[in-house]
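Under the UniProt record's numbering, the final residue of the sequence shown carries the number 365; numbering is consecutive throughout. The beta carbon of each residue, even a glycine, is placed where N, CA and C say it ideally should be.
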Amino acid sequence: MSKKAISIVLAVVVLILLFVFGFNSFKNHMIAKKISEYKAPAVSVTAITSKKDSWEQNIQAVGQITSKQSTEVTSQISGQVKAINFNSGQTVNKGDVIVQLDDSLLQAKYRSQLAKQKLAKIELQRQVKLLKTKSTAKNSVDKAQAQYDAESADLAYIKSQIDFMSIKAPFAGKLGIRTIDLGDYINPGALIVELESINDNFIDISVSEDFQPQLALGQKVTFTNDAYGDKTFSAIVSAIQPSSDEQSHNISVRAEVEGDGNQLVSGMYINAKITLGSEVAIVPVPKVAISYSLYGDSVFVVKNENGQQVVEQKLVEIGPRKDDLVGIVSGLERGEIVVTSNQQQLKKGTVVKINNSTPFPKTFK
Numbered sequence: 001m002s003k004k005a006i007s008i009v010l011a012v013v014v015l016i017l018l019f020v021f022g023f024n025s026f027k028n029h030m031i032a033k034k035i036s037e038y039k040a041p042a043v044s045v046t047a048i049t050s051k052k053d054s055w056e057q058n059i060q061a062v063g064q065i066t067s068k069q070s071t072e073v074t075s076q077i078s079g080q081v082k083a084i085n086f087n088s089g090q091t092v093n094k095g096d097v098i099v100q101l102d103d104s105l106l107q108a109k110y111r112s113q114l115a116k117q118k119l120a121k122i123e124l125q126r127q128v129k130l131l132k133t134k135s136t137a138k139n140s141v142d143k144a145q146a147q148y149d150a151e152s153a154d155l156a157y158i159k160s161q162i163d164f165m166s167i168k169a170p171f172a173g174k175l176g177i178r179t180i181d182l183g184d185y186i187n188p189g190a191l192i193v194e195l196e197s198i199n200d201n202f203i204d205i206s207v208s209e210d211f212q213p214q215l216a217l218g219q220k221v222t223f224t225n226d227a228y229g230d231k232t233f234s235a236i237v238s239a240i241q242p243s244s245d246e247q248s249h250n251i252s253v254r255a256e257v258e259g260d261g262n263q264l265v266s267g268m269y270i271n272a273k274i275t276l277g278s279e280v281a282i283v284p285v286p287k288v289a290i291s292y293s294l295y296g297d298s299v300f301v302v303k304n305e306n307g308q309q310v311v312e313q314k315l316v317e318i319g320p321r322k323d324d325l326v327g328i329v330s331g332l333e334r335g336e337i338v339v340t341s342n343q344q345q346l347k348k349g350t351v352v353k354i355n356n357s358t359p360f361p362k363t364f365k
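Take a look at the structure:
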């Protein structure tokens with residue numbers, strides 16, 4: 001091939017390369033321009049305008065119903081069940097005999113021992129009379145006295161064993177489901193039935209040790225139970241554990257149930273609120289406005305930036321709660337527009353469009 005032809009080919013190749021390079025550069029420039037000009041569609045959110053308020057301070061906690069008196073009725077002695085004097089679920093008074101064990105052998109021993117005691121008493125009285133006339137030695141009287149005391153002690157022991165054969169209710173209350181039948185032979189400690197006091201309950205709740213300085217006897221507690229829906233019961237703080245649990249760092253609080261709250265039964269789960277008595281300035285927002293994370297609680301607020309509505313995330317400190325509202329004690333000011341939906345689609349600077357066609361909870365006014 002001649003030099004001229006080679007030059008032409010090289011020139012064509014160079015032109016093609018220049019064209020390809022120029023085209024790619026132009027394409028990349030146009031793509032970058034389109035990307036820079038692209039505006040993501042605004043995220044539709046609901047929002048409220050915050051306001052100032054003051055709420056009574058309270059502590060939210062969970063716990064359970066506890067009977068003031070609760071026990072497992074057991075036997076202190078072995079024996080065969082002779083009589084069962086109760087039905088499952090029955091109420092009893094203190095001292096009622098609920099189970100009778102067969103005490104026939106002990107009764108026979110008691111009669112035999114009673115005769116021995118009487119004989120020892122007669123001998124003691126005889127020795128005392130003889131001593132007065134100096135017809136016996138003081139040592140004989142002492143022996144007779146010791147014998148009488150020993151026989152009396154044995155008699156008292158047998159009497160106590162007979163008493164144990166009559167198993168009694170230690171306090172007034174309601175019995176559970178019996179676990180024995182007639183003719184059963186039971187041993188000491190064997191469960192017969194559970195007994196709980198009625199119309200006489202506590203609630204036991206756990207609160208964070210952070211609230212320890214604010215807890216006090218006599219504080220009012222309101223609580224609910226799922227079985228009773230929205231019905232609210234009341235109690236009064238009667239005891240506060242003086243130490244915090246080493247693992248949970250919670251403090252146990254006990255409150256005495258008032259009124260119809262005593263219809264609840266032991267073991268029921270409750271949601272409680274301890275009223276601390278003082279009011280605190282807050283900014284109330286719906287619970288759904290709060291975003292929770294390991295780094296802290298936050299809300300999204302709407303700002304006007306270059307004619308657009310964009311969001312900013314603000315860390316807040318949560319205080320008391322009321323129904324479906326949360327009181328924010330710091331981090332949010334009155335008059336700020338707080339987002340209440342679609343927070344999962346938001347980040348700092350996201351453009352939003354407020355659409356409040358969906359009504360807010362009726363408690364937010």
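Which value, in whole angstroms, describes the spacing of the CA atoms of I77 and V221? 44 Å
**OP:** Starting from Q90, follow the beta strand (DSSP E) in both directions and report where the run begins and ends.
**Re:** Careful: Q90 lies outside any beta strand (DSSP E) and carries neither H nor E.
Using 8 Å as the Cβ pair cut-off and three pairs as the minimum, do the region 149-162 and the region 99-110 touch? The region 149-162, when compared against the region 99-110, does touch it at the 8 Å Cβ threshold.
Whether S341 touches T46 by CB criterion (8 Å) | yes
| task | Look at S135 and F171 and say whether their C-beta atoms are less than 8 Å apart. | result | no
By Cβ distance, which residues of its chain are closer than 8 Å to H249, with the 5 residues on each side in sequence left out? S208, E209
Practice task
Look at the alpha carbon of Q313 and the alpha carbon of D324, and state the distance between them as a whole number of angstroms.
Solution key: 21 Å
* To do: State yes or no: is the C-beta of L175 within less than 8 Å of the C-beta of L195?
  => For L175 and L195, yes; Cβs fall inside 8 Å.
Measuring straight from C-alpha to C-alpha, what distance separates V257 and I98? 29 Å
Quick check: what's the CA-CA separation for G261 versus S206?
19 Å
Next item on the list: Might you give, ordered along the chain, the residues of its own chain that have their beta carbon closer than 6 Å to the beta carbon of G327, omitting 5 neighbours on each side?
Entry: Correct list, in chain order: W55, I282, P284, G319, P320.
In the DSSP assignment, find the unbroken alpha helix (DSSP H) run with I158 in it and report its ends.
138-164
Simplified DSSP assignment, three categories, for K168
For K168, the three-state secondary structure derived from DSSP is strand.
Return the residue from the list S140, A42, V311, I192 that minimises the CA-CA distance to A83. I192
Report all residues from its chain with a CB closer than 6 Å to the CB of G173; omit the five preceding and five following residues, and keep chain order.
L195, E196, S197, I198
Consult DSSP for residue 387 and reduce its assignment to one of helix, strand or coil. Outside the modelled stretch of the chain, which goes from 1 to 365, sits residue 387, for which no answer is possible.
Mind reading off the beta-carbon distance from G79 to I186? Whole number of angstroms is fine, and I expect it under 8 Å. 7 Å
Nearest-angstrom Cα distance between N87 and G259? Rounded to whole angstroms, the gap between the alpha carbons of N87 and G259 is 28 Å.
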